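Positions 120 to 773 (my numbering) are the ones given, in order, by the sequence shown. Even for Gly, the Cβ is constructed at its ideal location relative to N, Cα and C. Given the structure is predicted, the values throughout are model-derived calculations rather than measurements.
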Amino acid sequence: MILATLGLLLVLGLAAALWVVVAQDRRAELDRAGLRLYQQARLAGDAASRALETADLALVAIVAEGRIDGRAAASLLPYMPFTDAVEVWGADARLRHRVPDRAGPPAVPGAFLAHHRDRAESFLLQPIHPPGDGAPWRLGVSRRIDTPGGAFAGIARALISTELLGDAFAAEFATDADRLLLIDADRLVLADSAPRGRRAVGRPLDAALPMLSATAVSQPGETESALVAWYRLHDFPLQVVAVRHKDALLARWRKVAAGYAAAAAALLAASLLAAALFYRQERRQATIAATLRLHDRAMDAANDGIIITERRDGHFPIIYCNPAFERITGYAAAELRGKDPGLLHRDEDEQPEVAQIRAAAAAETGTTVELRNYRKDGTPYWAEMRITPVRDRDGTVTHFLGIHRDVTTRRRAAEELLRTNAELVASNAELEQFAYVASHDLQEPLRHVAAYVQMLERRYQGKLDAEAHDYIGYAVSGVKRMQALIVDLLEYSRVTRQGRPFGRIDLGACLDQALADVAQAIRESGATVAAAELPAAWGDQGQITRLFANLIGNAVKYRKPDVAPVISISVQPAGDRWEITVADNGIGIDPAYADRIFALFQRLHPVGQYSGTGIGLTICKRIVERHGGTIRCESEGEGEGARLVFTLPPGPAE
120 MILATLGLLL VLGLAAALWV VVAQDRRAEL DRAGLRLYQQ ARLAGDAASR ALETADLALV
180 AIVAEGRIDG RAAASLLPYM PFTDAVEVWG ADARLRHRVP DRAGPPAVPG AFLAHHRDRA
240 ESFLLQPIHP PGDGAPWRLG VSRRIDTPGG AFAGIARALI STELLGDAFA AEFATDADRL
300 LLIDADRLVL ADSAPRGRRA VGRPLDAALP MLSATAVSQP GETESALVAW YRLHDFPLQV
360 VAVRHKDALL ARWRKVAAGY AAAAAALLAA SLLAAALFYR QERRQATIAA TLRLHDRAMD
420 AANDGIIITE RRDGHFPIIY CNPAFERITG YAAAELRGKD PGLLHRDEDE QPEVAQIRAA
480 AAAETGTTVE LRNYRKDGTP YWAEMRITPV RDRDGTVTHF LGIHRDVTTR RRAAEELLRT
540 NAELVASNAE LEQFAYVASH DLQEPLRHVA AYVQMLERRY QGKLDAEAHD YIGYAVSGVK
600 RMQALIVDLL EYSRVTRQGR PFGRIDLGAC LDQALADVAQ AIRESGATVA AAELPAAWGD
660 QGQITRLFAN LIGNAVKYRK PDVAPVISIS VQPAGDRWEI TVADNGIGID PAYADRIFAL
720 FQRLHPVGQY SGTGIGLTIC KRIVERHGGT IRCESEGEGE GARLVFTLPP GPAE
């Protein structure tokens, strides 16, 4: 009967454990899918951003011509991804040029003309409603054209096809998403990765996907049937929404869950199955981590200066730079146009980063480097340079886009931080050496003082009045207290100076030794100590024993009058560490002083009320911090007992 009961309990325990594993695996599967889904949304959003930025750069070039005939439009259109038309309109709302020149009357861009005529802003992004059912939506990006005298002459407008953008979403970025949608600030769908004919472009997001109506914009979401990820474009009022349905996602998990259920009935095979699942889980996590690292390298960063170079017979002349690049380098755009970016390196072409840039350009790949450049006036500065190849519709690299950021201040700050840290380490070492030497050298004079004062008391016994004897007692007491302080100071300095190398330690053995060290105090107080089974840890066995002894001794010392102390020691996992709690039923502490008790020589009670120097918990804190952990005090208030909670690293598996 006993064996049957034990067998039943074993099966129930295994079933419960497997149920927990199944639930955790399901949650982990959803969490990993959520991370991949966000990466897909980010990749799609960055592609949309690059399309808008490229269109805007082309419009800047057209506007810079100062003409309204738009002859520059035809040469720039092939380099504008997802853009199916470029138009130039006069201030009189007449179309002056359109590439390509399609038949049919054009739609007058009234809102664009009104915006640029009445405002000083030069840029406008606005969705364009199609003139009839079935006509494609477009994103309009416009720039104002001024006459040489500064008067409004018209606009240059690029029309970005939401159909082409949706095709790119479906073909390039929807590997981990069932649906990718581009929406504006009003949650209107502008691009959709669904097959053509079933896209929700022009419809409100809540109508296209009702399950998202309760999901807040810019917040990760999870509905009953799907995962949702949001990514906001950095420089445009647009967002990408990525959706992954759970049914297909959890198909693999359901199979694993079924395997777990079968394993529960086969006790003999349970350990082998658990080992196989653990190994597969580790491999799966490693694969996902590698994929995430690859995605991170593909992400574009925010930029300061922008430079575009043309690939021309092995050379890369500059064809465009923005005002931020001019401000950083001190060169005007006209001075840079047609020049090689290498002029910023001066005579320092031997920098490894320069060779790295050239190798990336030759391999038609992107790269990011941090190198030393020179401004026009000759002053050096550090720049973070990210280059990305720009390909035409055939996949041929025609240009390179460079994002240029001045990181001189950041490098100086990092160098200053390293220097300051080195000085701090040296200063701390000197202070510890001083405390050790000073404490050690003070011991002998104090012993002499105590001996001579006690000699005076013996020699003049009966010859001095009671007040004199009191004074002698005060002196002896003060000397003994000073000796105790010095001993504790030496112990405090030895935590780091004379600590043993770390190794695998048995916390249960450390606790047993600590209980033996404070056994007399436990017996005298009538204390009861109950401890859970403690695991192995990684550390200094002597110091951990001292830590337990100090904490148990404190619990005994700060007990309630006429109440026997009850001390409990428990442990639980906390992330990658063990969290150990020493709880008592003593006098407790005001929560306002919970941090103060760990400071050096801090006492919350008069010297005569409780023995000690006020350094015991400081030593505990130093021991825990040497082991890379933390310690804190928890209490509901005076009279409610206290809990000292600290963390330690686990021991390695045997």
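Specify the secondary structure class of V308 as computed by DSSP and reduced to three states.
In the three-state scheme derived from DSSP, where H, G and I count as helix and E and B as strand, V308 is classed as strand.
Exposed or buried, A570, counting other C-beta atoms within 10 Å across all chains shown (16 or more means buried)?
Flag for A570 reads exposed.
Residue burial classification, H235 (beta-carbon count within 10 angstroms, cutoff 16)
Buried, because 16 or more other Cβ atoms sit within 10 Å of the Cβ of H235.
Distance check for Q245 and G321, CA to CA, integer angstroms please.
G321 and Q245: Cα-Cα distance of roughly 13 angstroms.
Local Cβ density within 10 Å of A222, reported as buried at 16 or more and exposed below that
Legend: pLDDT at A222 = 47, less than 50; position of this residue unreliable, value from coordinates given subsequently. Under this definition A222 is an exposed residue.
CA-CA distance, P267 and E206?
For P267 and E206, the distance between alpha carbons rounds to 20 angstroms.
Neighbour-count burial assignment, S261, 16 or more Cβ in a 10 Å radius
Looking at its Cβ environment, which holds 16 or more other Cβ atoms inside 10 Å, S261 is buried.
Just to check my reading of the structure: A656 and P769 have Cβ atoms closer than 8 angstroms, yes? What is that Cβ distance to the nearest angstrom?
Their Cβ separation, rounded to whole angstroms, is 6 angstroms, which keeps A656 and P769 in contact under 8 angstroms.
Say the cut is 6 angstroms; is the CB of R530 nearer than that to a heavy atom of the ligand MN?
Ligands displayed in this structure: none; no statement on the ligand MN is therefore possible.
If you measure between the beta carbons of L284 and A310, is that distance less than 7 angstroms?
A contact, by the Cβ cut-off of 7 angstroms.
DSSP-derived helix/strand/coil call for E759
When DSSP states are grouped into helix, strand and coil, E759 belongs to the coil group.
Counting pairs of beta carbons, one from the segment 464–482 and one from the segment 437–452, are three or more of them closer than 8 angstroms?
Contact between the segment 464–482 and the segment 437–452 is absent, because fewer than three Cβ pairs lie under 8 angstroms.
Proximity to L644 [Cα-Cα], best of A635, D681 and A633
Before going further, note that residue 644 is Ser rather than Leu in the sequence given. In terms of CA proximity to S644, D681 leads the group A635, D681 and A633.
By how many angstroms is the C-alpha of I663 removed from the C-alpha of L626?
When rounded, the distance between both Cα atoms is 8 angstroms.
From the DSSP output, in three-state form, read off L579 for me.
A small correction: the amino acid at residue 579 is Tyr; Leu does not occupy that position in the sequence shown. Y579 sits in coil when the DSSP states are folded into three classes, being neither helix nor strand.
Determine, using beta carbons only, whether H746 and G658 come nearer to each other than 7 angstroms.
Cβ atoms of H746 and G658: closer than 7 angstroms.
Mind checking whether D703 and I686 have CB atoms under 7 angstroms apart?
Taking the C-beta atoms as reference points, I686 is found nearer than 7 angstroms to D703.
Is the Cβ-Cβ distance between P288 and L171 less than 7 angstroms?
Just to set this straight, residue 288 is Phe in the shown sequence, not Pro. It is not a contact, given that the beta carbons lie outside the stated cut-off.
Quick check on E343: does DSSP put it in helix, strand or coil?
E343: coil per DSSP, three-state reduction.
Host beta strand (DSSP E) of L357 (start-end):
DSSP places L357 in the uninterrupted beta strand (DSSP E) bounded by L357 to H364.
DSSP has F519 in a bridge; who is on the other side?
Answer is T428 and P508.
Could you please give me the residues that DSSP links to G273 through a beta bridge?
According to DSSP, G273 bridges with G209 and I264.
Check this for me: beta carbons of A651 and S689, under 7 angstroms apart or not?
In contact: A651 and S689 (Cβ atoms closer than 7 angstroms).
Can you give me the start and stop residues for the alpha helix (DSSP H) that P471 sits inside?
Where P471 is concerned, the enclosing alpha helix (DSSP H) stretches over P471 to A481.
Return the bridge partner residues of H434 from the DSSP annotation.
Per DSSP, the beta-bridge partners of H434 are R431.
Does DSSP classify H464 as helix, strand or coil?
DSSP, reduced to helix, strand and coil, places H464 within a helical segment of the structure shown.
For K676, which option in P692, A761 and Q632 has the closest C-alpha, if you only look at C-alpha atoms?
Checking every option, the nearest Cα to that of K676 belongs to A761.
Pick helix, strand or coil for I688, following the three-state DSSP scheme.
I688 falls in the strand class under three-state DSSP.
Looking only at its chain, what residues have a beta carbon closer than 7 angstroms to the beta carbon of D415, apart from the 5 residues adjacent to it on each side?
Reliability fails at D415, whose pLDDT of 36 lies under 50, so the model's placement of it is uncertain and no value is given.
Euclidean distance between Cα positions of G273 and R371:
G273 and R371 have their C-alpha atoms roughly 58 angstroms apart.
Apart from the five residues just before and just after A674, which ones in its own chain have a Cβ nearer than 7 angstroms to its Cβ?
For A674, where only same-chain residues beyond five positions count, the Cβ hits under 7 angstroms are P684, I686, V701, D703 and G705.
Using CA coordinates, which residue listed in G661, P620 and A640 is at the minimum distance from L630?
Relative to L630, the option among G661, P620 and A640 whose CA is nearest is G661.
Terminal residues of the beta strand (DSSP E) in which V637 lies
Careful: V637 lies outside any beta strand (DSSP E) and carries neither H nor E.
What did DSSP end up calling L214 once you bin it into helix, strand or coil?
DSSP, read as helix, strand or coil, puts L214 in strand.
Taking the beta carbon of Y712 as the centre, do at least 16 other beta carbons fall within 10 Å, making it buried, or is it exposed?
Y712 counts as exposed, since fewer than 16 other beta carbons sit within 10 angstroms of its beta carbon.
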